[in-house]
Amino acid sequence: MYISDSEINEQENFCKNFYNKLYQIFKSGNIKGIFDKETSSDEFTFKIIPEIDEIMTIKNAISNVSSKNSFKSYVLTKINTPNINACIKVQNRISENNKPYLTITIFTSHSIGIDWNNTNNIKLKMYNPYRNIIIHENKSIYSSTKNHKYFPLSVSDLRHYLPDEVKRELFLLHSEKTYFWKDMIQDNFYPPIKLTDISKYHNKKEYFEKLFKIELPNSINKRNSKAIYYLCCAAKYINQNQLNILFNSVFDDITKSELSEDRIKLSIRNRKEIGQRCLYHIMRNRNPNISKDTLIDYLDMAVELKEPVDITAGKKKIYKLHDEYVHRYIAKANRGIKFVIPETPLKYLELPEPFYLIKTKSALQLEGKINDNCVGTYLQKINDGHCIIYTADIDEQHLTIDIRYNKKSKKFSVNQCYKKHNQPCKEETLEYVKKIVQEHSKQAITMYQKRNKKSKK
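Under my numbering, think of the first position of the sequence shown as 1, with each following residue one higher.
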């Protein structure tokens with residue numbers, strides 16, 4: 001129920017006013033979902049259902065059929081929706097110390113239930129609260145963690161489920177003098193920064209310059225915030241005289257799918273991976289015909305060896321740099337590691353000629369030199385039982401073959417079968433390799449099981 005101005009006393013002014021704003025936002029009809037009846041004058045619930053139009057179409061169609069046939073269904077129909085639904089409960093409360101405060105509790109659900117005994121009742125199968133936000137009368141805002149501990153609200157806490165109109169009101173509590181929060185909502189960019197700290201920055205340029213300690217061009221304000229974050233992460237790993245090229249690169253359009261999904265959490269811990277992803281997209285766009293694996297290997301090695309990445313490099317130069325770095329990288333990665341194939345079915349996979357199993361550290365490094373690839377870095381993967389490496393000369397192609405074993409499916413698979421510079425082999429050659437692996441897989445599993453039984457005895 002809406003709280004009239006006459007009911008608002010001086011002490012509770014802020015909390016009740018803010019409650020009213022939220023009430024009006026959810027009652028406006030602009031948010032896809034269902035407004036529940038208020039349980040009291042200080043509490044209401046709203047079910048956010050992205051597919052509400054489709055759900056109502058199904059509900060009405062079945063209701064019409066039921067009414068025409070004088071049929072009543074007493075079954076609760078459950079529908080699983082592709083998008084996550086959210087139940088938002090807003091409460092205006094008084095603490096034990098007689099202090100007013102506001103709570104916004106968010107529940108999530110993938111399942112919707114239609115109660116046919118109550119034509120207006122669409123239920124959500126609720127899980128534990130996803131998040132609980134508490135707003136005090138002094139405008140301080142706290143958010144709960146999974147451990148039910150409370151910390152000052154971070155912008156990243158607003159990333160999911162709350163409507164943009166609600167986010168706007170929360171931002172305005174502490175950001176009246178800056179429009180940076182508008183960019184955050186527009187770009188769907190919610191970094192791990194305290195909500196109260198947004199007022200320190202007037203625009204994107206100021207924020208990212210302070211965050212990454214880097215000088216940015218003024219034109220950066222026109223770019224997508226997530227794209228800027230990716231570019232700034234990448235800046236650490238390139239020639240510094242190429243910064244202008246980096247920040248003027250066509251990156252926003254290339255990575256629309258990358259930016260639209262929260263694939264990687266924006267944090268200091270993930271900056272290296274984010275930077276490498278950014279460089280991969282930019283360089284792949286410049287060199288569409290280059291091997292994907294070679295480019296990834298080049299970037300991995302350059303970053304690990306602390307060699308600046310040349311984002312202007314063409315296909316030939318990337319291959320050249322790849323070959324220069326690979327031996328240094330392998331030597332560094334394999335330092336102090338012995339070659340061991342552990343007890344897994346992979347150990348007992350014996351393929352006929354012309355297939356040869358790599359059994360030593362030196363043979364693994366030699367294979368990397370012969371085919372100009374990074375197979376030498378797979379030593380730890382072999383030791384951990386993730387793969388074995390075979391080589392073969394088939395159809396005038398020297399192949400490096402990465403074979404894996406899936407414990408759940410109990411099947412072998414050919415993960416990679418590449419020629420020089422990670423170039424894929426002929427399709428018919430790959431099919432032949434897969435066939436040979438499958439023909440000898442049963443024997444390998446049987447041998448492994450026999451050895452295992454003996455060792456247990």
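Ideal placement from N, C-alpha and C gives every residue a C-beta, glycine not left out.
Spatial distance of residue i from residue j (CA atoms)
i, j, result
"Lys361", "Ser249", "41 Å"
"Lys442", "Val340", "23 Å"
"Phe44", "Pro152", "24 Å"
"Tyr229", "Leu158", "18 Å"
"Ile8", "Asn17", "Because Ile8 carries a pLDDT of 49, less than 50, the predicted location of this residue cannot be relied on, and the following value inherits that uncertainty. Ile8 and Asn17: Cα-Cα distance of roughly 8 Å."
"Glu428", "Gln438", "15 Å"
"Gln240", "Lys320", "21 Å"
"Ile134", "Ser144", "8 Å"
"Thr446", "Met184", "57 Å"
"Glu38", "Asn92", "12 Å"
"Leu195", "Gln276", "29 Å"
"His421", "Gly368", "10 Å"
"Ile268", "Lys200", "20 Å"
"Arg168", "Ile114", "32 Å"
"Leu366", "Asp372", "10 Å"
"Ile296", "Gln423", "13 Å"
"Arg284", "Asn270", "21 Å"
"Gly336", "Tyr329", "14 Å"
"Ala333", "Leu364", "13 Å"
"Asn218", "Asp323", "39 Å"
"Ile370", "Asp393", "12 Å"
"Glu96", "Ile52", "39 Å"
"Met1", "Thr178", "Annotation note: pLDDT 49 at Met1 (below 50); position unreliable, coordinate value reported separately. Their Cα atoms are separated by approximately 33 Å."
"Leu216", "Lys205", "7 Å"
"Asp36", "Phe26", "10 Å"
"Lys21", "Lys226", "30 Å"
"Gln449", "Ser409", "15 Å"
"Met188", "Asn30", "First, the residue type needs correcting, since residue 188 is Asn and not Met in the sequence shown. Rounded to the nearest angstrom, the two C-alpha atoms are 19 Å apart."
"His440", "Ser413", "12 Å"
"Met301", "Gly376", "12 Å"
"Ile220", "Tyr150", "35 Å"
"Leu173", "Ile58", "41 Å"
"Ser291", "Ile274", "20 Å"
Whole-angstrom C-beta distance between residue j and residue i, which should lie under 8 Å
i, j, result
"Asp402", "Asn415", "4 Å"
"Ile198", "Val155", "7 Å"
"Phe180", "Tyr207", "6 Å"
"Ile55", "Ile79", "7 Å"
"Leu279", "Ile311", "7 Å"
"Tyr237", "Val303", "5 Å"
"Thr391", "Tyr356", "5 Å"
"Thr344", "Gly314", "In fact, because the Cβ distance is near 42 Å, the residues do not count as touching under 8 Å."
"Phe14", "Lys139", "7 Å"
Enclosing alpha helix (DSSP H) for residue i [first to last residue]
i, result
"Leu246", "Leu243 to Phe247"
"Ala313", "Ala313 -> no alpha helix (DSSP H), and no H or E assigned at all."
"Ile198", "Neither: Ile198 is in no alpha helix (DSSP H) and is coded neither H nor E."
"Tyr280", "Arg271 to Arg286"
"Asp300", "Lys292 to Glu304"
"Gln240", "That residue, Gln240, is in no alpha helix (DSSP H); it is neither H nor E in DSSP."
"Leu231", "Ser225 to Ala235"
"Gln397", "Unbroken run through Gln397 is the beta strand (DSSP E), Gln397 to Asn406; no alpha helix (DSSP H)."
"Asn20", "Asn13 to Lys27"
Top-ranked residue by Cα proximity to residue i, from the options
i, options, result
"Asn224", "Asn241, Gln186 and His202", "Gln186"
"Lys222", "Asn203, Lys210 and Asn83", "Asn203"
"Ile214", "Leu243, Lys226, Asn188 and Tyr190", "Leu243"
"Val433", "Met56, Ile370, Leu351 and Ile220", "Leu351"
"Gln397", "Asn85, Glu169 and Pro354", "Pro354"
"Cys465", "Tyr101, Ile52, Leu102 and Lys47", "Since the displayed the chain opens at 1 and closes at 457, residue 465 lies outside it and no answer follows."
"Cys417", "Glu431, Asn406 and Tyr405", "Glu431"
"Lys272", "Met283, Ala235, Arg284 and Leu295", "Ala235"
"Ser40", "Lys89, Lys426 and Lys21", "Lys89"
"Pro129", "Ser140, Lys32, Ile112 and His148", "His148"
"Lys435", "Lys450, Lys453, Phe212 and Lys411", "Lys411"
"Val326", "Lys139, Leu305, Pro342 and Ile31", "Leu305"
"Ala49", "Lys426, Gln380 and Pro82", "Ala is not the amino acid found at residue 49; the sequence shown has Ile there. Of the candidates Lys426, Gln380 and Pro82, the one whose C-alpha sits nearest the C-alpha of Ile49 is Pro82."
"Ile389", "Leu346, Ser109, Thr294 and His110", "Leu346"
"Val458", "Leu349, Cys233 and Gln380", "One cannot answer for residue 458 here, as it falls past the ends of the chain, which runs 1 to 457."
"Val166", "Asp395, Tyr23, Pro288 and Tyr101", "Tyr23"
"Asp395", "Ser291, Arg404 and Lys426", "Lys426"
"Asn289", "Lys265, Lys316 and Glu137", "Lys316"
"Ala444", "Lys453, Tyr348 and Asn452", "Tyr348"
Closer than 6 Å: residue i CB and nearest the ligand ATP heavy atom
i, result
"Ile245", "This structure simply doesn't include the ligand ATP, nor any ligand for that matter."
C-beta neighbour in chain C for residue i, strict 7 Å
i, result
"Ala333", "Absent from the structure is chain C; it holds one protein chain and no more."
Run of the beta strand (DSSP E) containing residue i, from where it starts to where it stops
i, result
"Lys47", "Glu43 to Ile48"
"Asn373", "That residue, Asn373, is in no beta strand (DSSP E); it is neither H nor E in DSSP."
"Ile143", "It should be noted that the sequence gives Ser, not Ile, for residue 143. Counting along the chain, the beta strand (DSSP E) containing Ser143 begins and ends at Ile141 to Ser144."
"Leu357", "Phe355 to Leu357"
"Gln416", "Lys411 to Tyr418"
(request) Would you mind listing the beta strand (DSSP E) stretches within the stretch 149-206 that are 3+ residues and don't spill past its ends, in chain order? (result) 150-152
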